[in-house]
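Right, one structure below, let's go through it.
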Amino acid sequence: MDSIENKVVFITGGGSGIGLALGRRLAERKAKVMLADLDLQRLDQAKKLLSGQGLVVETTYCDVADCESVKEAALETVDRFGKVHVLVNNAGVTLAGKPGEIPLNDWRWIVDINLMGVVYGVETFVPLIQAHGEGGHIINTASMAGHLAAPAMSPYNATKFAVVGYSETIKQDLEKDNIGVSVLCPAWVRTDIHNTGRNKPSVSFGNSLDKLGQQGDAASGLWKQVATAIENGLDPNLVAEWTIESLLENRFYIFTHPEMREMMAQRFHLLDTEFTTLEQDKRFLKRN
Ligand SMILES: NC(=O)c1ccc[n+]([C@@H]2O[C@H](COP(=O)([O-])OP(=O)(O)OC[C@H]3O[C@@H](n4cnc5c(N)ncnc54)[C@H](O)[C@@H]3O)[C@@H](O)[C@H]2O)c1
């Protein structure tokens, strides 16, 4: 995509953090922005904040875990702007815990938002982008947690690895339709993401976060480190600027933390070592 000016962009999780920053930077570049979120209060605050900075955005309710809600928000966007060019599947939540201690309802909650939310977005918006024939782009927000696993983060890692794999596939599938795909993979960004656990089902069912935290010392200890890293993380506006530049360059992987390169290299090295071991065991070499 050569320019974002006058393009219609739909952003999920647009009420806060990275989604809100993307909305701001896109509106500054004269894109037509629809911020979508399930938190109406945040959406309202976001709209007022941006309008105070002289920026115009539209907002709509959307729960990405509910495909009907995504469809309704998409139709509202088409009613308002006539078409959609760019979909940013950005809404996401976190969940930590040790295997054997994570309530299955919490697992379903994070999979429904972090993975199925992305799938619902793609399934809903791809036909709308194809219909106008002007091409478009999809940005899926994964994470460095979609490439590197950390202890006590299995639900978050599982969903973000899935979003990376899903994005790698649909990039190939949508190329002929002139729909580009990128996957945003930040590490620590200064947002509210570490507080999303307050919305998980096991808390809604009457437990307090403190009580749940005491169940797994490893998880709660790690969680405090994660919270500190996020509070000292990158400015979301910088992540937004880089993401838009990457979209205009049609870059697929959008990384934001150069210091993660060494950990990625260690992962590749581990994989490569296993292939060397396999080759040395002659039983698996190519047979005639
Ligand atoms: N902040 C980080 O350090 C970091 C790092 C890597 C990846 N990410 C990813 O970035 C994305 C954005 O998160 P953020 O850091 O800006 O956090 P955030 O909590 O500030 O913003 C997330 C927004 O998503 C909304 N949301 C949550 N569930 C939703 C649902 N079911 N439907 C619609 N909206 C919903 C929230 O209301 C919130 O406004 C997430 O996918 C997250 O996993 C964040």
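Each residue of the sequence shown is one higher than the one before, starting from 7 at the first, in the numbering used here.
Positions of the beta carbon are idealized from the N, C-alpha and C atoms, including for glycine.
Status (buried if at least 16 other CB within 10 Å, exposed otherwise) for residue i
i	result
L218	In this prediction, L218 has a pLDDT of 47, which is less than 50 and means its spatial position is unreliable; nothing more can be read from the coordinates.
M269	exposed
V232	buried
R289	exposed
L134	buried
L26	buried
T83	buried
G21	buried
T175	exposed
N146	buried
A271	exposed
G142	buried
G60	exposed
G239	buried
Contacting residues, own chain, Cβ-Cβ under 8 Å from residue i (five flanking each side not counted)
i	result
Q136	D183 and I185
N12	K36, A37 and K38
W312	The displayed coordinates of the chain run from 7 to 294. Any statement about residue 312 would go beyond what the structure contains.
Sub-8 Å separation of residue i and residue j beta-carbons
i	j	result
P105	S188	no
F261	K177	no
A193	L28	no
M7	L254	yes
L49	T65	yes
I24	T197	yes
P242	V195	yes
V15	H91	yes
I250	R114	no
T130	A80	yes
K166	N120	yes
H263	M150	yes
L291	E285	yes
Residues near residue i by beta carbon distance below 7 Å, same chain, minus five either side
i	result
T299	Absent from the model: residue 299. The displayed extent of the chain is 7 to 294, so no value can be given.
G127	T18, V70, V76, L93 and N95
V63	G29, A33, V39, L41, K53 and L56
C68	T18, A42, D43, L44, S75, V76 and A79
V117	T165
S214	Reliability of the predicted coordinates at S214 is poor, the pLDDT of 47 falling under 50, and the value obtained from them is presented with this limitation in mind. If we look at S214 and ignore the five residues flanking it on each side, it has no Cβ neighbours.
E140	H91
G152	K166, F167, V169, V170 and C191
Integer Cβ distance of residue i from residue j, believed to fall under 8 Å
i	j	result
P207	D112	6 Å
V132	L180	7 Å
Sequence-distant residues of the same chain with beta carbon closer than 6 Å to residue i, five excluded per side
i	result
Q220	With a pLDDT of 44 at Q220, under the threshold of 50, the predicted position of this residue should be treated as unreliable, and no value is reported.
A155	N163
F87	V14 and K38
P109	S208
Distance cut-off 7 Å: residue i Cβ against heavy atoms of ligand 2
i	result
I119	For ligand 2, the structure offers nothing, since it holds only ligand 1.
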